Structure formats: C-alpha cells, structure tokens
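Before any comments, here is the structure.
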Amino acid sequence: MDYKKFNGKILLRLDKGDEITESVSKVCTENNVKFASIDGIGACGSATLGYYEPDTKVFTKKVFDKGDYEIISLIGNFSLCDGKPYVHMHISISGSDYRVFGGHLISAVISITGEILLTPVGDVSKKYDSNVRAEIIDF
Numbered sequence: 001m002d003y004k005k006f007n008g009k010i011l012l013r014l015d016k017g018d019e020i021t022e023s024v025s026k027v028c029t030e031n032n033v034k035f036a037s038i039d040g041i042g043a044c045g046s047a048t049l050g051y052y053e054p055d056t057k058v059f060t061k062k063v064f065d066k067g068d069y070e071i072i073s074l075i076g077n078f079s080l081c082d083g084k085p086y087v088h089m090h091i092s093i094s095g096s097d098y099r100v101f102g103g104h105l106i107s108a109v110i111s112i113t114g115e116i117l118l119t120p121v122g123d124v125s126k127k128y129d130s131n132v133r134a135e136i137i138d139f
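For the sequence shown, the positions run 1 to 139 when the UniProt record's numbering is used.
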C-alpha cells in the first residue's frame, strides 16, 4: 500500500494482499481525517459482503471467494464514531461470468491493485441510532 496527497485529497494505491477497509482506516487515521468520501476501483480475490435486514435489524453475510473479481464500484465514507475509526463502504463486484453482486463491504482482499480516492470533507462524526440500529451522521 502507498498513498500520496493531492490538492487536499488522498490517492491510495492498494497492492496484492491488502485488505481494503483496514487500509482505508489506517491512512485516514495517520492523516487525522475526521470524515472523507471514498471512491474506488480495482480487483479482489475474496470479498465478504453484507445486507442489512431492516425488519430484523441483522446483517446477513455472503462470502465471494471463487476466483478473482473486478471491483466495478466502491463508494462510501470514513468517519469517527464514538471517537473510533468507522469505515462504511458499499461495493459492486463482477466475476468472469459478468454477473454483478453488490452490498455493504465487510472485507475484501486485493488480488491485483486497488485505486481509492479519499476526499476529506470536514469535522463530521457518526453516532449510533438505536431506532435503526445503525451508525448515522451526527452534525
């Protein structure tokens, strides 16, 4: 993993074996980022995606580990929740059969490279909302 700052933004290159959420969290923490939007593309060899069931308020998980996957789209944000780093990303991936799967990114390991742009926004945090059992933006 390596990164460089450009015009207030951070361009992050992930290498084979890097885990996406851990890498984003590390770079944001090292650079004292409080809130940033995340955009990216790349390729992963395994990914765990989640789907939030609003009725039961439970995350269901699905593991994709049957080959390499193109990261068609990676979007989300980094924030602090109760003072701790919190990465919230959604991802769309596609395999060699061109089928697309997407959901909340729980984890993914890069198989070739990942290109992620972090755009710091300002001093915004998140808080846990017991009504929806999720972290929400706290202005």
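Here a beta-carbon is modelled for each residue, glycine too, at the ideal position from N, C-alpha and C.
None of the values given here were measured: they were computed from a predicted structure.
- Between the beta-carbon of Gly102 and that of Ser111 there is about 18 Å, and that puts the pair past the 8 Å contact cut.
- Here DSSP, grouped into helix, strand and coil, assigns Val27 to helix.
- A residue is called buried when at least 16 other Cβ atoms come within 10 angstroms of its Cβ; Asp15 does not meet this threshold and is exposed.
- Here Gly114 is buried. Its C-beta has 16 or more other C-beta atoms within 10 Å.
- Between the C-alpha atoms of Leu117 and Asp39 there is a straight-line separation of about 5 Å.
- Judged by DSSP secondary structure, Phe101 falls within the beta strand (DSSP E) whose first and last residues are 100 to 120.
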